[in-house]
Amino acid sequence: MNQTLRDPREVMREEMLMHAPILAAVAEEPLTIPQIAERIGHPAPEVVYWVMGMRRYGFLSESGDADDDGFFAYAATGRQV
Amino acid sequence: MDYDVLVLGSGIGGMESSIKLADMGYQVLLVEKEASVGGRMILLSKVFPTLDCASCISGPKMSTTINHPNIKTLAYSEIDHISRNTHGGFQVTVREKAKFVDWAACTGCDVCQKECTVAVPDQFNAELAPRRAAYIAFPQAVPKKAILDRSGTSPCIAACPAGIKAHGYVSLTRTGKYEEAFQLNLDATPLVGTLGRACYAPCENGCTRSQVEGTLPIRMIKRYVADEHYATHEGPGVEVSPPTGKSVAVVGSGPAGLTAAWQLARQGHRVTIHEAQASPGGYARHGIPSFRLPKDVVEADIANLTAIGVEIICNSPVADLQALKDSGYDAVVIATGAHREAALDAAGVDAAGVVSGLSYLKDSAAEVGPDLTGKRVVVVGGDVVAMNAARTALRQGATSATVVAEAGKPGALPCNEIEYTEAAAEGVEFVFSTSVAELRTAASGEVTAVRCVPFSAPSTSADASEDAEAGETVQAAAAPATASTAASELVADLVITCLGLDVDESLFVELAGVGNKSRILANRRSLQTKAKWLFAAGDVASGLSTITRAVGSGRRAAHMVDRFLKGESLDGFELDSKLSTTKHRDVLARHSSITHRDPVTGQVRLNQQPRDFAEIEAGLTEEEARSGAGSCLDCGICSECQECAKQCPAFAIDMTQRDKVSEVEVGAVVVSTGHKLFAADLKPEYGFGKFPNVITAMQMDRLLAPTRPFNTVLRPGDGKVPDRIAYISCTGSRDKTVGNPLCSKFCCMYSIKQNQLIMGALPLADVTMHYMDMRAAGKRYEEFYTQARDMGAQYIKGRVAKITEEENGDLLVRYEDIENGGGIVEASYDLVVLAVGIQPNRDVENLFTDAPLGLDEYYYVAEPSAELSPGQTNIPGVFVAGTAAGAKDIVDTILHAGAAVAQVAAHLEHQHFAEQEALV
Ligand SMILES: Cc1cc2nc3c(=O)[nH]c(=O)nc-3n(C[C@H](O)[C@H](O)[C@H](O)COP(=O)(O)OP(=O)(O)OC[C@H]3O[C@@H](n4cnc5c(N)ncnc54)[C@H](O)[C@@H]3O)c2cc1C
Ligand code: SF4
Ligand code: SF4
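First to last, the sequence lines map onto chains A and B. Per this note's numbering, the first sequence starts with residue 541, numbered consecutively. Per this note's numbering, the second sequence starts with residue 201, numbered consecutively.
Following this line, the structure appears as structure tokens:
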């Protein structure tokens, strides 16, 4: 990965800002965190914070089991901002 | 004596002590600083060696604690200090921290946290995931009640004279809740579009982000949500209280009058505005030209009022306030502004072609201004009227517009810096340090030139800003000085005089009296005049000020009128319940680093010699508004967006709550404040905080707990289910390089516990532990270790020297393999777990104001005779239970609490006998 990790406080604060792009990314089909990261152009460790926040507060949920590489896909629940 | 015992901290040691003492009949006060009792144990997955679920064991204890008739539990509370009292006990100052939620009403339903617009790291999930500013500690919290995390009033909110919650609408915009952001503005004023353009944005001067790379575009964000609302909604969409049967007249329809009318109408009063001019808006319509504030924006704002039934009668100058009141109103708000213009004291002022600034601007606003094509215009004076007049003249075709000002330089002009810089950029010329001696006229009676003389007296700011709050009306100090000479004569086809504005007192002088200068005499706080039914708002009370201050004043007056009409006192309450302002340095100190974000700024079109009245500033796009809002640092943490308050079904949110401090007397004290965990980033060779897939064991316990922050055990770097997991024991323990030579006692065992749980949760995972010594000295501990080995966990003896990260986020661990020849070996893992040790919690050492609480050489609470009297400290009557005195697992903590309880009971009984003997 070799990137500098930003202060988690700063990254988590941006969750609200990321709801729209993440919900847009998973609108068509459930995506794994690396796939979401690629779609929205942000590092995967940051996407983990956002996806887990969105999952906790009901915007996303995991769909099915992990794939062969060990990744879960996350889908929109229908909860809107 | 209020309580027999104070127990400090409600972890398993504190709960056990409290319950046992309460069972013996002692009255216990239990004080816990977090929002729930339970301490660290309730956050664990399972406990070794039985693998019982931690919450199944802790839960009943938490519930007994909170429901025991002999225990009074104060969660989310702290002790300020403890001192010895005269009867051998202790005087304790207890602080119940403000929760901003009425716990008696809160049902723990979870709605507030779902609606909250602020995300912060969740300390109850070891910061693996966010929680909200409105939060319930964790699902099994006892009591299960919500808290708003507030750390002061954000500087932007504190700086707004209108009382608008800037942080709130910024966080709503960041969340995409544009309409809610608009509504939050409407809570203060109907003039959202107007303020989004013409406010001088004192909030931005206060913004902490300006200490980093630049302020947020707070004003422009307001403008964005207003434009968005007006483009997509019919009417304001607000609720109005049922009719009160009272009616109020508002005299004047400027920002103060309109805001007062809006607030009063929303309270259910019938409101009529009387306006002398042909159209409403005051200076917002007649003083600020449309290239800065388009008329349709002012009209859209004013339509908010008419939509809720406010009647606006134009061409209705009020000449007698008493007669107005007697015509059927219960109260009157006078908001007539500051409209008396100072006259130019020079020969020739009556010549044709000499006009006053206000009448010139008013005619221009009504599109009956002159055609100035080819004309040379001289503007006398340097205030906001002068700047607007000069820029309007250029747009009407003037070949030149020259401002003649007594001020010696741009910074001394009595206007906001932006007014000057924009005027200069559009080609307005300035002649500084100059007075007008005479206006020369032609035989036909028309002005032809302005004769000037040097002005030598030192120039100070004029009325326009003298009352402005710091930072609100910034003088043009930072503007570059332009060449200036005291010209002797300037050719002029039109002269516009702008020599300052003040209040015309003739309407109110008899009824209310005159205060400072010619302003109305009114109470500064209540805005009530000596005619009790007459309240004053805006410039009429303050002198020429700003739209934003006029709005704030209108809001205040309306609130006071409402109380007056209800027969309530105008004293003893706060209009805007604010906490102390969050300091910039505290906000910055919360962050280890703040990433640069390019500031979002408005695009202002400033052409030389502009010829049209089109708005010069472009609005933000949605992307810019959100991205600009995304720079917010959440200074006060809670943004005061009010979403929780709006949605809470129990109406439990209470922003007015404050810390409650009380004094209690207790007979003895038990310190059971537990421990802290080693900060893993102090071992940089392990890469915690640098590599996302290096986590602590506390984080792993959260990942394994039923209330985990992720859907299962995932690595934080990319959400992958880890296959190869390494543990590194003794991180921060038995390690002199980090100042802790002590063994933390429980890390080996919790690692083995987690090894077993991982193998249960992820059957395909390989678990390897790198250890120095395996410390499994407890009943069934060795068997527990053997069981883990039998399940397939690997244990490699030897220290880990270094961890590096591979391209895919995997971790290369370089370790010593003592049992296989002692060579240095490398292995790759998906996830590394650091078995962090414990550290003393030094929160308590300064609580005791008489004799300091004794600590041992490692800063744990000292037990001077631990072997014979465990639990006793150096202060008679003060005892210690659990890990506050040093490393212990749960079993040992419970045992230690039992010892402390016995000591407390002995102490109290001894005191009791001594007192009885003294009586005999
Ligand atoms: C040219 C100019 C430009 C300005 N630009 C800005 C700016 O960009 N940003 C900013 O923050 N501030 C600006 N200000 C200041 C700001 O406009 C005022 O502080 C604000 O409008 C004061 O509001 P108010 O309601 O007290 O008074 P006003 O806006 O003056 O409104 C008072 C109203 O009462 C009416 N009235 C008066 N007497 C009577 C009567 N007897 N009966 C009935 N009606 C009556 C008046 O006609 C008027 O409509 C500017 C001021 C001027 C003069
Ligand atoms: S006011 Fe807004 S930011 Fe504050 S706790 Fe409530 S919802 Fe969250
Ligand atoms: S950073 Fe955010 S909360 Fe802080 S002052 Fe600026 S806008 Fe307000």
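Where is the CB? At the ideal position from N, CA and C, for every residue including glycine. Keep in mind the model is a prediction, meaning the values are calculated, not measured.
Secondary structure of residue 229 of chain B (DSSP, three-state): strand. Judged by beta-carbon spacing, residue 368 of chain B lies beyond the 8 Å limit of residue 698 of chain B, meaning their Cβ atoms are not closer than that value. The three-state secondary structure of residue 971 of chain B, taken from DSSP, is strand. Against chain A, the beta carbon of residue 791 of chain B has neighbours under 8 Å at 547, 549 and 550, listed in chain order. Residues of chain B whose Cβ lies closer than 7 Å to the Cβ of residue 573 of chain A are, in chain order, 918 and 919. Between ligand 2 and residue 332 of chain B, a heavy atom-to-CB distance of less than 7 Å is present. Secondary structure note for residue 1120 of chain B: it is in no alpha helix (DSSP H), with a DSSP letter that is neither H nor E. A straight line joining the alpha-carbon of residue 724 of chain B with that of residue 503 of chain B spans about 30 Å.
Relative to ligand 2, even the nearest heavy atom lies 7 Å or more away from the CB of residue 354 of chain B.
DSSP places residue 1060 of chain B outside both helix and strand once states are collapsed to three, so it counts as coil.
When the alpha-carbon of residue 343 of chain B is set against those of B:259, B:370 and B:409, the nearest one is in B:259. Annotation for residue 1023 of chain B: the continuous beta strand (DSSP E) segment containing it runs 1023-1029. Beta-bridge analysis with DSSP links residue 1084 of chain B to no other residue.
With a cut-off of 7 Å, the C-beta of residue 835 of chain B is classified as near ligand 3, since at least one heavy atom of the ligand falls inside that distance. Beta-bridge partners assigned by DSSP to residue 875 of chain B: B:1040. Residue 389 of chain B has its CB no nearer than 7 Å to any heavy atom of ligand 2. Just so you know, the alpha carbons of residue 893 of chain B and residue 962 of chain B end up roughly 17 Å apart.
With fewer than 16 other Cβ atoms from the protein chains shown falling within 10 Å of its own Cβ, residue 256 of chain B counts as exposed.
Between residue 469 of chain B and residue 449 of chain B, the CB-CB gap reaches or exceeds 8 Å.
If the five residues before and after residue 938 of chain B are omitted, its C-beta is found closer than 6 Å to the C-beta atoms of 882 and 932, all from its own chain and listed in chain order. The C-alpha of residue 991 of chain B lies about 7 Å from the C-alpha of residue 956 of chain B.
Minimum Cα-Cα distance from residue 416 of chain B among the listed residues B:494, B:787 and B:824 corresponds to B:824. In the DSSP annotation of this structure, residue 1002 of chain B is not part of any alpha helix (DSSP H); the continuous beta strand (DSSP E) holding it starts and ends at 1000-1005.
In the same chain as residue 515 of chain B, and ignoring 5 residues on each side of it, the C-beta atoms closer than 8 Å to its own belong to 475, 476, 477 and 478, in chain order. Taking the beta carbon of residue 330 of chain B as reference, the chain A residues within 7 Å of it are 552, 555, 589 and 593, listed in sequence order. Between the segment 967-978 of chain B and the segment 986-1005 of chain B there are three or more C-beta pairs closer than 8 Å, enough to call the two in contact. Residues of the segment 882-895 of chain B with a Cβ closer than 8 Å to any Cβ of chain A, in chain order: 889, 890, 891 and 892. Taking CB atoms only, residue 787 of chain B has no neighbour in chain A less than 8 Å away. Residue environment: residue 568 of chain B is assigned as exposed (fewer than 16 neighbouring CB atoms within 10 Å of its CB, all protein chains considered). Ligand 3 has no heavy atom closer than 7 Å to the beta-carbon of residue 289 of chain B.
Residue 459 of chain B places its beta carbon 8 Å or farther from that of residue 375 of chain B. Within a 10 Å sphere around the beta-carbon of residue 452 of chain B sit 16 or more other beta-carbons, which makes this residue buried. As DSSP reads the structure, residue 728 of chain B sits in a beta bridge with B:735. Our two residues, residue 230 of chain B and residue 208 of chain B, have alpha carbons roughly 6 Å apart in a direct line. Distances from the CA of residue 839 of chain B to each of B:308, B:355 and B:283 were compared; the closest alpha carbon is that of B:355. Using a cutoff of 7 Å, the CB of residue 317 of chain B counts as near ligand 2, since one of the ligand's heavy atoms is closer than that.
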